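Residue numbers (this note's numbering): 1 to 122.
Yeah, the Cβ is synthetic: ideal placement off N, Cα and C, and Gly gets one too.
Quick caveat: nothing in here was measured; it's all calculated off a predicted structure.
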């Protein structure tokens, strides 16, 4: 039972991380200092998708699954197991990645514009 709970918590943290990657730059419009956390999160996410960085949350979930007698995540990892084919069709994976990247870039552009505007007021 405690391993199942750890799996569930890890899935939740994974989903929160992905959500933060998508909206964290927009949150920085209000809370300026959080832009550094968002830059780090977005860089890590880009490294996972583009370079193949390993995600420590995936390791933790696999460890808890093994201890709880559950099968491991598939080799494609968290997104392939929980999101692709579940939340959106597999054929839309590239589109979803592009939309996430566009949202991140739009949030950063908006952040820079807001900071410039604030400096111009002073």
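- Straight-line measurement puts the Cα of residue 47 at about 28 Å from the Cα of residue 67.
- Taking C-beta atoms as the reference points, residue 42 and residue 21 count as a pair closer than 7 Å.
- The shortest C-alpha to C-alpha distance from residue 79 to any of 23, 110, 31, 45 is the one to 45.
- When DSSP reads this structure, residue 84 sits in a beta bridge with 88.
- Residue 75 places its beta carbon 7 Å or farther from that of residue 65.
- For the options 36, 11, 2, the alpha carbon positioned closest to that of residue 107 is the one of 36.
- The three-state reading of DSSP puts residue 70 in coil, since its state is none of H, G, I, E or B.
- By the neighbour-count definition (other C-beta atoms within 10 Å, threshold 16), residue 112 is an exposed residue.
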